[in-house]
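In what follows, a structure is listed as structure tokens, so that the remarks can point back to it.
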Amino acid sequence: MTTHEFLPDTARQAPGSPADDSAPSGRVDPAPPPHTTRVDLTGRTALVTGAAGGIGRACALRLSAAGADVRLADIDGPALAELAEQGVGEAVQLDLTDLDAAEAAARGADIVVNNAGVQTVSPVQDFPPERFSLILRLMVESPFRVVRGALPHMYERGWGRVVNISSVHGLRASAYKSAYVAAKHGLEGFSKVVALEGAPHGVTSNCVNPGYVRTALVERQIADQAEAHGIPEEQVVSEVLLARSPVKRLIEPYEVAEMVAYLCSDDASFVNGASLPIDGAWSSS
């Protein structure tokens with residue numbers, strides 16, 4: 001179930017934010033509220049990386065519901081097969097650190113959602129160099145190669161959408177997350193360059209910046225901290241994870257997916273080069 005397992009705080013190729021994770025295989029997705037944005041993506045092909053769980057899964061479900069043909073890219077084959085069996089999209093099992101394969105998977109896509117990521121928490125002086133390199137490869141180089149693969153088709157059609165799932169850590173730093181913060185800041189800069197180059201061709205590029213999202217890993221962290229400190233899980237959420245957040249609840253994955261769907265719509269054609277926090281004012285505190 002885990003991609004590039006190295007330290008106990010790592011996650012699969014599907015990020016929440018600031019701590020990454022995906023839903024376990026076999027999960028039944030709860031029905032989200034009625035969509036607030038009507039988006040018709042009929043005839044569009046969308047590639048979602050890290051689609052096996054968490055935010056990626058929610059994005060795949062939302063874009064599929066909007067009519068897109070979705071390519072589900074992740075290393076977790078069984079979870080992808082489950083989604084494919086539900087009619088959500090086409091399973092594309094691959095390790096996104098295989099950069100040639102990542103670029104090839106994006107060819108012909110009208111929409112790219114760069115979502116895959118992992119997390120490691122460690123002081124800089126103890127941070128494993130090979131882990132730092134892997135995180136930047138997965139979360140900066142791979143998005144570059146994915147977009148590189150998709151742009152010729154987007155330019156030919158005169159339409160395209162690149163949505164990068166960044167994080168509040170693409171806007172702010174936290175201690176012990178040097179690779180993750182560096183990668184998200186790099187993704188932010190790359191997204192803006194694509195926005196500038198793509199604009200004359202009808203292509204937009206934006207970042208979505210979630211705070212703490214309700215994912216399997218975050219829920220495990222809450223339970224572990226509650227046990228370690230002898231306090232209720234609700235107190236862990238409000239006083240530890242969300243100490244800086246004025247809104248004392250976790251973000252639901254479908255809330256992030258709804259923003260992604262809007263950015264993929266024709267109505268969002270003038271939203272370009274933006275970084276859009278979904279963090280309950282966490283980054284304002």
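250 is the number that UniProt numbering gives to position 250 of the sequence shown; each next residue is one higher, with no gaps. For every residue, glycine included, the Cβ atom is placed at its ideal position computed from N, Cα and C. None of these values were measured; they are calculated from a predicted model.
Reference residue i, options the options, closest by Cα
i	options	result
L96	G77, A109 and A116	A116
V256	G54, A46 and P34	G54
A199	G108, V121 and M154	M154
R157	G89, S122, N164 and V203	V203
L138	S122, P129 and V118	V118
A182	A281, A101, T120 and D266	T120
W159	W282, R38, A281 and L263	L263
P143	R220, L187, A109 and N272	L187
R244	S174, L41 and A109	S174
S133	Y180, L151 and F270	Y180
L99	A91, S122 and A73	A73
Neighbour-count burial assignment, residue i, 16 or more Cβ in a 10 Å radius
i	result
H169	buried
V247	exposed
I222	buried
V147	buried
P78	exposed
G189	exposed
A66	buried
S191	buried
S284	exposed
S22	Because the pLDDT at S22 is just 37, under 50, the model does not fix this residue reliably, and the point stays unresolved.
G211	buried
G87	exposed
I231	exposed
G26	Its pLDDT being 45, under 50, G26 is placed unreliably by the model, and the measurement read from it follows with that caveat. Per the 10 Å Cβ criterion, exposed.
R220	exposed
R44	buried
R145	buried
R214	buried
L41	buried
Chain-order list of residues whose beta-carbon lies under 6 Å from that of residue i (same chain, five-residue window excluded)
i	result
F56	According to the sequence provided, residue 56 is Gly. The question's Phe does not apply to it. Cβ neighbours of G56 beyond the five flanking positions: A14, V48, G50 and N115.
H229	none
G149	E103, A106 and R107
A46	L63, A68, V70 and I111
P24	Residue placement at P24 is poorly supported in this model, since its pLDDT is 38, which falls under 50; the coordinates are not used for a value here.
D76	A52
S265	V39
Neighbourhood of residue i by C-beta distance below 7 Å, restricted to the same chain and skipping five residues each side
i	result
N209	S166, S167, V168, G170, L171, S275, L276, P277, I278 and D279
V124	S178
S58	With the sequence shown as reference, residue 58 is identified as Ala, and Ser is not the correct amino acid for it. Here the set comprises P253, Y254, V256 and A257.
H185	G170
V194	V147, V162 and S205
Residues bridged to residue i [DSSP beta-bridge criterion]
i	result
T204	R161
L276	V208
V213	I251
Close Cβ partners of residue i (< 8 Å) along its chain, the five nearest in sequence each way excluded
i	result
residue 314	Residue 314 falls outside the range modelled here, since the chain spans only 1 to 285, and no answer is possible.
V236	I222, Q225, A226 and H229
R249	V237, L242 and G280
**Request:** Scan the stretch 40-108 and note each continuous beta strand (DSSP E) run of 3 residues or more that stays entirely inside, going in chain order.
**Result:** 45-49, 69-74 and 90-93
**Request:** Could you name each continuous alpha helix (DSSP H) segment of 4 residues or more that falls completely within the stretch 227-251, going from the start of the chain to the end?
**Result:** 233-236
**Request:** Please go through the stretch 108-138 and give each complete beta strand (DSSP E) segment of 3 or more residues, from N-terminal end onward.
**Result:** 111-114
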